[in-house]
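Novice: With the first letter of the sequence shown counted as 1, position 269 gets the number 269 in UniProt numbering; the numbers rise by one all the way through.
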Amino acid sequence: MRTCRGEPRVRPQRKWGSWRPHGHGAPCPYIPSPIAGRFLNPPLERERKREKGLKHMAEETRRPVIGISTCIDVGKRINPERTYQILEISYADALAEAGAIPVIVPYLRDAKHYDALLSGIDGLVMSGGEDLPSNVPGEAPKVPLVLAPQCRLEQDRVLLERVLERKLPFLGICYGMQFLNLHFGGTLYYDIPHQLSASVNHRPGDMAHLHTVKIKDGTRLKAILACDEVSVNSSHHQAVRAVGAGLKVAAVCEDGVIEAIEPEDDHFILGIQWHPEKMADENRRKIFSAFVEACMKKHDE
Numbered sequence: 001m002r003t004c005r006g007e008p009r010v011r012p013q014r015k016w017g018s019w020r021p022h023g024h025g026a027p028c029p030y031i032p033s034p035i036a037g038r039f040l041n042p043p044l045e046r047e048r049k050r051e052k053g054l055k056h057m058a059e060e061t062r063r064p065v066i067g068i069s070t071c072i073d074v075g076k077r078i079n080p081e082r083t084y085q086i087l088e089i090s091y092a093d094a095l096a097e098a099g100a101i102p103v104i105v106p107y108l109r110d111a112k113h114y115d116a117l118l119s120g121i122d123g124l125v126m127s128g129g130e131d132l133p134s135n136v137p138g139e140a141p142k143v144p145l146v147l148a149p150q151c152r153l154e155q156d157r158v159l160l161e162r163v164l165e166r167k168l169p170f171l172g173i174c175y176g177m178q179f180l181n182l183h184f185g186g187t188l189y190y191d192i193p194h195q196l197s198a199s200v201n202h203r204p205g206d207m208a209h210l211h212t213v214k215i216k217d218g219t220r221l222k223a224i225l226a227c228d229e230v231s232v233n234s235s236h237h238q239a240v241r242a243v244g245a246g247l248k249v250a251a252v253c254e255d256g257v258i259e260a261i262e263p264e265d266d267h268f269i270l271g272i273q274w275h276p277e278k279m280a281d282e283n284r285r286k287i288f289s290a291f292v293e294a295c296m297k298k299h300d301e
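#1: Who are the Cβ neighbours of leucine 145 in its own chain at under 6 Å, not counting the five residues just before and after it?
#2: Got a sec? Which residues, its chain only, sit under 7 Å from cysteine 253 by beta carbon, not counting five neighbours each side?
#3: Can you check which of these residues, Pro276, Val240, Thr70, Leu117, is closest to leucine 188 by C-alpha distance?
#4: For cysteine 227 and arginine 220, what's the separation of their Cα atoms in angstroms?
#5: For histidine 237, which residues of its own chain have a beta-carbon under 6 Å away from its beta-carbon, when the five flanking residues on both sides are left out?
#6: Between Leu225, His209, Ala208, which lies nearest to residue 358 when the distance is taken from Cα to Cα?
#7: Starting from cysteine 295, trace the alpha helix (DSSP H) both ways and give me its first and last residue.
#8: Quick check on alanine 98: does DSSP put it in helix, strand or coil?
#9: Could you tell me if alanine 223 is buried or exposed, where buried requires 16 or more neighbouring beta carbons within 10 angstroms of its beta carbon?
#10: From the DSSP output, in three-state form, read off phenylalanine 179 for me.
#11: Could you say which of Ser127, Glu301, Ser119, Gln155 lies nearest to aspartate 110 if we only look at CA atoms?
#12: If you reduce the DSSP assignment to three classes, tell me which class valine 163 lands in.
#13: Kindly indicate which residue of Gly256, Ile269, Gly185, Leu182 has the alpha-carbon position closest to the one of proline 169.
#14: Helix, strand or coil: which one does DSSP assign to isoleucine 121?
#15: Please go through the same chain and pick out, in chain order, the residues whose beta-carbon is closer than 6 Å to the beta-carbon of glutamate 277, but skip the five residues on each side of it.
#16: For a test of the three-state rule: what should DSSP assign to histidine 211, helix, strand or coil?
#17: Helix, strand or coil for glutamine 273? Go by DSSP, reduced to three states.
#18: Per DSSP, which one or two residues make a beta bridge with serine 231?
#19: For serine 234, does the count of other Cβ atoms within 10 angstroms reach 16, so buried, or fall short, so exposed?
#20: Could you check if valine 143 is buried or exposed, using at least 16 other CB atoms within 10 Å of its CB as the buried criterion?
#21: For the 8 Å Cβ check, are there 3 or more pairs between the segment 112-119 and the segment 69-85?
#22: What is the residue span of the alpha helix (DSSP H) that isoleucine 224 lies within?
#23: Within a Cβ cutoff of 7 Å, which residues of the same chain sit near alanine 245, ignoring the five residues on either side of it in sequence?
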């Protein structure tokens, strides 16, 4: 058995199914501003110019341009009267180190602007985030959930739909993996401690706390990591339950919790439950390098 053990170090802090993200989480309020129209609802011509700029940047540098979706804070963490986009910088660090040009995907009030924006990128990372609502009929969560705001759910739905239409490489991390599964009609455990007799603490509160994940044979993830198991960090209390149509399990924790999913076809889509961007090991490099390579191939098509 080949094992790829991660170093116990923390990275420096630097087709929808039946479920729809409707009526869950807080909406994004419109905040009047003299320049709000320029940023929240830019003209299509400005988006076209941005698209050309991103394409030119990729051509000049021979590096793929990769978008990153973000958390959206609706007056909770920073300022009760403001709405912000939040991104942990380790995502951009990992992409840049793998040879990509990372760009933050802005929240746009009009979904049509995403078409122009995504025409200028070669792949998408859906970052971690808050909780997703239970989508199992008749199941009411017995613990309070900190739901992602409605505006992020709607944005990510549009982004993932466009990614699938354009066959762009996609990497979903933590929330991003769970959202991917819901998009394909899968289900989630809304809270691991209340619904599973898991022997591993999946939310230890310390990214240096590692556990073992077994990689499935015949998967893209196995080809990328070239080993049977890896040591990973963990920071989640929700998990994939039933895998969505067209997806398959790529890795499982020693206690049975699903840790990675991917499609049954050859489209580069990878959902990972742990946070490779926060790990300082060879497996982080392998995952992001493989993703960036796929994005470069898409750019060259």
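For glycine and all other residues, C-beta sits at the position ideal for the given N, C-alpha and C. Keep in mind it's a predicted model, so treat the numbers as computed, not measured.
Specialist: A quick look at the data gives this:
#1: Asp131
#2: Val200, His211, Val213, Glu259
#3: Per the Cα distances, Val240.
#4: 12 Å
#5: Asp191, Ile192, Arg203
#6: Since the first and last residues shown for the chain are 1 and 301, residue 358 lies out of range.
#7: Cysteine 295 -> alpha helix (DSSP H) spans 282-300.
#8: coil
#9: exposed
#10: In the structure shown, phenylalanine 179 adopts helical secondary structure according to DSSP, grouped into three states.
#11: Gln155
#12: Helix.
#13: Ile269
#14: coil
#15: Ser90, Tyr91, Ala94
#16: It is a strand residue.
#17: coil
#18: Thr212
#19: Burial is judged here by how many other beta carbons sit within 10 angstroms of a residue's own beta carbon; serine 234 has at least 16 and is buried.
#20: Burial call: exposed.
#21: no
#22: 220-225
#23: Phe184, Gly185
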